[in-house]
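Novice: From first to last, the protein sequence lines are chains A and B.
Using this note's numbering, the final residue of the first sequence is 948, and nothing's skipped along the way.
Using this note's numbering, the final residue of the second sequence is 290, and nothing's skipped along the way.
Here a beta-carbon is modelled for each residue, glycine too, at the ideal position from N, C-alpha and C.
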Amino acid sequence: MSTRPPYLKIEALSKHYGSMAAVDEVSLEVAAGEMVVLLGPSGCGKTTTLRLIAGFVEASAGRILLEGRDYAGLPPYQREMGMVFQSYALFPHMTVAQNISFGLRMRKMPAAQIASRLEEVLALVKLEKMADRYPKQLSGGQQQRVALARALAIRPKLLLLDEPLSNLDANLRQEVAREIRRLQRAAGLTALMVTHDQDEAMAMADRLVVMDRGRVQQVGPQEALYEAPENPFVARFIGHSNLLRGTLRDGCRLRLGEGVEAQLAQRYNLAGDATLALRPERIRLLPPGDPTPARMTLAVEDATYVGAHVEYLLALPGGGSLILHQPTTGLAGAARLAPGSRAGLSWDAGSERIFDASDRALAAAGPAPALASV
Amino acid sequence: MTGAGTLLAIPSEPSAVPAPRRARSPLKAAMLLVGGVGLVLMLLPLLMTGYISTIADSVLAFPPDGHSLSWYARLGEFPKFGQALGTSLRIAAMATIGSLAIGIPASIALVRHRFPGRGVLNVLLLSPLTVPGVVIGLALYVLMVEVEIRSEVPMIGSDAMLVLAHLLITIPWVVRLCVANLMQLDRAIEEAAANLGASPRQVLWKVTLPMMRQGIVAAGLFAFIISFENIELTLFLISPGVITLPIAVLQYLEYRADPLVAAVVMVQTAVIALLLVLLDRYVRLSKVV
Ligand SMILES: Nc1ncnc2c1ncn2[C@@H]1O[C@H](COP(=O)(O)OP(=O)(O)O)[C@@H](O)[C@H]1O
Ligand SMILES: [Mg+2]
Numbered sequence: 575m576s577t578r579p580p581y582l583k584i585e586a587l588s589k590h591y592g593s594m595a596a597v598d599e600v601s602l603e604v605a606a607g608e609m610v611v612l613l614g615p616s617g618c619g620k621t622t623t624l625r626l627i628a629g630f631v632e633a634s635a636g637r638i639l640l641e642g643r644d645y646a647g648l649p650p651y652q653r654e655m656g657m658v659f660q661s662y663a664l665f666p667h668m669t670v671a672q673n674i675s676f677g678l679r680m681r682k683m684p685a686a687q688i689a690s691r692l693e694e695v696l697a698l699v700k701l702e703k704m705a706d707r708y709p710k711q712l713s714g715g716q717q718q719r720v721a722l723a724r725a726l727a728i729r730p731k732l733l734l735l736d737e738p739l740s741n742l743d744a745n746l747r748q749e750v751a752r753e754i755r756r757l758q759r760a761a762g763l764t765a766l767m768v769t770h771d772q773d774e775a776m777a778m779a780d781r782l783v784v785m786d787r788g789r790v791q792q793v794g795p796q797e798a799l800y801e802a803p804e805n806p807f808v809a810r811f812i813g814h815s816n817l818l819r820g821t822l823r824d825g826c827r828l829r830l831g832e833g834v835e836a837q838l839a840q841r842y843n844l845a846g847d848a849t850l851a852l853r854p855e856r857i858r859l860l861p862p863g864d865p866t867p868a869r870m871t872l873a874v875e876d877a878t879y880v881g882a883h884v885e886y887l888l889a890l891p892g893g894g895s896l897i898l899h900q901p902t903t904g905l906a907g908a909a910r911l912a913p914g915s916r917a918g919l920s921w922d923a924g925s926e927r928i929f930d931a932s933d934r935a936l937a938a939a940g941p942a943p944a945l946a947s948v
Numbered sequence: 002m003t004g005a006g007t008l009l010a011i012p013s014e015p016s017a018v019p020a021p022r023r024a025r026s027p028l029k030a031a032m033l034l035v036g037g038v039g040l041v042l043m044l045l046p047l048l049m050t051g052y053i054s055t056i057a058d059s060v061l062a063f064p065p066d067g068h069s070l071s072w073y074a075r076l077g078e079f080p081k082f083g084q085a086l087g088t089s090l091r092i093a094a095m096a097t098i099g100s101l102a103i104g105i106p107a108s109i110a111l112v113r114h115r116f117p118g119r120g121v122l123n124v125l126l127l128s129p130l131t132v133p134g135v136v137i138g139l140a141l142y143v144l145m146v147e148v149e150i151r152s153e154v155p156m157i158g159s160d161a162m163l164v165l166a167h168l169l170i171t172i173p174w175v176v177r178l179c180v181a182n183l184m185q186l187d188r189a190i191e192e193a194a195a196n197l198g199a200s201p202r203q204v205l206w207k208v209t210l211p212m213m214r215q216g217i218v219a220a221g222l223f224a225f226i227i228s229f230e231n232i233e234l235t236l237f238l239i240s241p242g243v244i245t246l247p248i249a250v251l252q253y254l255e256y257r258a259d260p261l262v263a264a265v266v267m268v269q270t271a272v273i274a275l276l277l278v279l280l281d282r283y284v285r286l287s288k289v290v
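#1: Under 8 Å Cβ-Cβ, which residues of chain B neighbour ARG724 of chain A?
#2: Can you tell me which of A:TYR591, A:LEU911, A:ALA839, A:LEU766 puts its alpha carbon nearest to the alpha carbon of PRO862 of chain A?
#3: Are the segment 244-255 of chain B and the segment 168-182 of chain B touching, with three or more C-beta to C-beta distances below 8 Å?
#4: Please report the distance separating the alpha-carbon of ILE244 of chain B from that of ILE190 of chain B.
#5: Quick one: grab the DSSP three-state call for VAL124 of chain B.
#6: The alpha helix (DSSP H) that contains PRO106 of chain B, what's its start and end?
#7: Measuring from each Cβ to the nearest heavy atom of ligand 1, keep the ones under 6 Å and list them in chain order.
#8: Using a C-beta to C-beta distance shorter than 7 Å, which residues of chain A count as neighbours of PRO211 of chain B?
#9: For VAL784 of chain A, write down the residues that DSSP places opposite it in a beta bridge.
#10: Which residue marks the beginning of the alpha helix (DSSP H) containing THR871 of chain A, and which one marks its end?
#11: Chain B beta carbons: is any one of them nearer than 8 Å to that of GLY647 of chain A?
#12: Is DSSP giving SER159 of chain B helix, strand or coil here?
#13: Of all the CB atoms in chain A, is at least one closer than 8 Å to the CB of ILE190 of chain B?
#14: Can you confirm whether the segment 713-725 of chain A touches the segment 668-685 of chain A when touching is taken to mean that 3 or more C-beta pairs between the two stretches lie within less than 8 Å?
#15: Do GLN900 of chain A and LEU936 of chain A have their C-beta atoms closer together than 8 Å?
#16: Compute the Euclidean distance between the alpha carbons of GLN84 of chain B and LEU238 of chain B, then round it to the nearest angstrom.
#17: Is GLU737 of chain A a contact residue of ligand 2, with contact defined as CB to any heavy atom under 7 Å?
#18: At a Cβ cut of 9 Å, what residues of the segment 203-237 of chain B count as close to chain A, listed as they run along the chain?
#19: Near ASP598 of chain A, what residues of its chain come up, given a Cβ to Cβ distance below 7 Å and the 5 sequence neighbours on each side ignored?
#20: At what residues does the beta strand (DSSP E) containing MET767 of chain A begin and finish?
#21: I'd like to confirm the pairing. Which residues does DSSP put opposite PHE929 of chain A in its beta bridges?
#22: Apply the 10 Å Cβ neighbour rule to PHE63 of chain B and answer buried if 16 or more other Cβ atoms are within range, or exposed otherwise.
#23: Between the beta-carbon of LEU898 of chain A and the beta-carbon of LEU890 of chain A, is there less than 8 Å?
#24: Would you say VAL611 of chain A and THR769 of chain A are within 8 Å of each other, going by their C-beta atoms?
#25: TYR708 of chain A by DSSP, collapsed to three states: which one?
#26: Quick one: measure Cβ to Cβ for ILE226 of chain B and CYS179 of chain B, integer angstroms, because I've assumed they're closer than 8 Å.
#27: Would you tell me roughly how many angstroms separate the C-alpha atoms of MET213 of chain B and LEU101 of chain B, rounded to the nearest one?
#28: For ALA923 of chain A, count the other beta carbons within 10 Å of its own beta carbon; 16 or more makes it buried, fewer makes it exposed. Which is it?
#29: Within a Cβ cutoff of 7 Å, which residues of the same chain sit near ALA10 of chain B, ignoring the five residues on either side of it in sequence?
#30: For chain A, is any of its Cβ atoms less than 8 Å away from the one on LEU8 of chain B?
#31: Using a Cβ cut-off of 8 Å (strictly closer), state whether PRO806 of chain A contacts chain B.
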């Protein structure tokens with residue numbers, strides 16, 4: 575990416591509604607052929623970002639550059655971007671074939687060429703037999719494919735997808751997700767997709783952009799977001815980390831409340847307020863009698879067997895609960911801890927993440943001194 | 002009973018006819034009963050008018066001496082009614098076209114665009130609905146007399162003035178129906194068209210207007226009927242040469258009450274019914290009204 579300019583470049587894009595910033599200085603680079611997914615909770619500005627790029631709303635500030643060209647002031651109908659709307663937005667008074675060829679007719683493509691492109695796209699989304707139906711005669715999944723086909727038919731410079739799976743039955747989603755990915759790859763299209771569903775985003779993206787309250791929180795591939803969240807929001811939103819607030823002393827002891835202290839696996843150059851993020855499946859529950867020294871000891875509130883793991887709730891000082899997932903493999907025979915008993919917890923250096931008072935991730939300064947057995 | 006009661010009974014007829022299915026629950030039975038009674042109440046004036054139009058005597062008396070369709074045959078002897086029917090159809094057609102030409106763009110502007118004065122336009126377009134027709138008629142009459150006196154251009158009794166006056170009461174209906182229609186259309190569909198390369202003008206002609214078809218047909222229908230059956234407003238604006246059918250009936254009734262009038266009303270109703278049947282072939286009326 576350093577040798578070529580990025581295919582799509584978004585610079586400090588903002589959209590204000592009154593005093594509220596729906597999109598707040600969003601910057602992003604997308605390489606040709608890449609699928610980037612904007613992920614964030616409802617209302618964080620994902621749709622507005624897509625609509626800014628498609629040209630339906632005018633930016634309050636910032637620039638959108640596609641192939642180096644500034645798109646400011648260009649109306650939607652000249653942008654050549656194919657958008658798949660959350661509601662599909664099919665033309666109800668047109669057949670499937672008319673819907674799909676609409677963009678081609680607007681481009682004044684010769685009829686013979688339209689016919690062959692239509693045939694090709696219908697085959698791509700496997701809707702050959704539905705060409706003469708009207709949208710309301712189709713199932714949700716079929717309508718979704720028409721919406722996708724309609725956007726693909728114009729060979730857009732950019733494919734924009736707004737929550738394309740949200741109106742589908744749960745059992746259809748994975749299939750359609752794979753389908754979208756296959757079509758996007760096959761056509762070599764650069765795509766920007768929006769979703770609030772973490773699993774969907776993880777499954778489909780080359781790279782993710784996590785957003786919250788109009789701002790980009792972190793950009794990166796799945797692994798970077800999961801293993802190295804840059805702030806507590808990303809840690810919690812991707813993979814539901816436990817967030818423990820406390821006071822850091824000696825660089826490696828986090829006091830969480832009366833008598834409860836976590837012995838960190840690494841040392842940090844910080845004293846004062848800090849937040850520890852721990853993933854439920856990365857915390858180990860030490861069986862009674864295990865010689866491994868515990869990093870933290872908490873009382874068990876509840877334990878539920880849910881199949882792949884046992885979910886433990888452990889009481890934190892101040893009222894909250896720590897969630898821990900104990901894998902069920904090799905669990906047979908091993909006693910489960912009953913509510914009320916005290917549990918020793920441990921985790922590896924790579925599994926803990928510390929944020930300072932202003933929610934910035936801290937790099938470890940080195941390993942913490944070895945723990946003494948309790 | 003020349004106007005609203007009988008005429009408006011027609012469009013609701015197709016949906017109001019109880020289906021010949023057996024009711025499954027007491028609630029359903031009760032609803033069918035209420036619907037049936039409503040239907041009878043609406044049809045009764047029309048049936049009565051139809052009955053009277055077949056009475057042979059020229060003086061209404063019960064029981065009648067005999068029945069015949071001779072009044073329909075004698076309609077031709079009263080060219081005034083024929084002329085009035087022609088005027089009514091002409092005025093209603095022009096008022097319909099005019100109100101659609103103004104009302105549709107106005108509705109699109111109101112629903113799809115933000116602009117200064119939008120609220121004022123909205124109130125202005127809908128307000129005639131809140132003023133009694135007689136008041137509007139009288140006000141227009143006074144205005145036109147004043148203008149006539151000053152400009153010496155004859156205004157009262159001209160087609161143009163009558164159409165303009167009818168526009169006042171038809172446009173609000175067109176705007177109401179088209180606005181309601183537009184509000185329930187997914188805005189994203191128009192955006193999708195733009196996204197696929199349609200210019201604003203192409204979006205309008207290829208997507209917005211075709212999607213509004215049902216609303217537009219309903220609006221045109223209402224505009225036509227409202228103009229065709231109007232009395233209150235029209236009363237002030239006619240001249241001996243330009244008289245609409247409802248007014249002609251009213252004037253005839255001032256001197257005589259014989260079955261001829263009933264026959265005229267039946268013809269008037271038939272015109273509306275024919276229109277509805279024709280329109281029904283293009284749009285399912287039960288869907289739009
Ligand atoms: N046209 C608008 N006028 C005012 N506020 C808007 C408008 N569009 C979006 N917003 C606000 O901007 C924020 C972001 O909206 P949106 O981009 O739709 O979020 P998302 O798609 O992530 O759920 C929301 O708080 C929403 O209420
Ligand atoms: Mg959204």
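Specialist: Answer, in terms of the structure:
#1: ALA193, LEU197
#2: When each option's Cα is compared against that of PRO862 of chain A, the closest is A:LEU911.
#3: no
#4: 46 Å
#5: The answer is helix: DSSP assigns VAL124 of chain B an H, G or I state.
#6: 80-113
#7: By the rule of a C-beta closer than 6 Å to any heavy atom of ligand 1, the residues picked out are A:TYR591, A:ALA596, A:GLY614, A:SER616, A:GLY617, A:CYS618, A:GLY619, A:LYS620, A:THR621, A:THR622.
#8: HIS667
#9: In DSSP, VAL784 of chain A forms a bridge with A:LEU613, A:GLN792.
#10: From DSSP, THR871 of chain A is part of no alpha helix (DSSP H) but of the beta strand (DSSP E) over 870-879.
#11: No, its Cβ sits nowhere closer than 8 Å to a Cβ of chain B.
#12: coil
#13: yes
#14: Remark: three or more beta-carbon pairs, one from each stretch, lie closer than 8 Å, so the segment 668-685 of chain A and the segment 713-725 of chain A are flagged as touching.
#15: no
#16: 17 Å
#17: yes
#18: GLN203, VAL204, LYS207, VAL208, PRO211, MET212, ARG214
#19: SER588, GLY788, ARG789
#20: For MET767 of chain A, the enclosing beta strand (DSSP E) stretches over residues 765-769.
#21: Bridge partners of PHE929 of chain A: A:THR849, A:ALA935.
#22: exposed
#23: no
#24: yes
#25: Secondary structure at TYR708 of chain A: coil, using DSSP grouped into helix, strand and coil.
#26: Actually they are not in contact, since the Cβ atoms of ILE226 of chain B and CYS179 of chain B sit about 16 Å apart, beyond 8 Å.
#27: 12 Å
#28: Exposed is the call here.
#29: Bear in mind that a pLDDT of 36 at ALA10 of chain B, under 50, signals an unreliable position, so the number given afterwards is only what the model happens to contain. If we look at ALA10 of chain B and ignore the five residues flanking it on each side, its Cβ neighbours are MET43, LEU44, LEU47.
#30: Legend: pLDDT at LEU8 of chain B = 36, less than 50; position of this residue unreliable, value from coordinates given subsequently. So no, LEU8 of chain B is outside the interface.
#31: Interface residue (Cβ-Cβ distance to chain B less than 8 Å): PRO806 of chain A is not classified as such.
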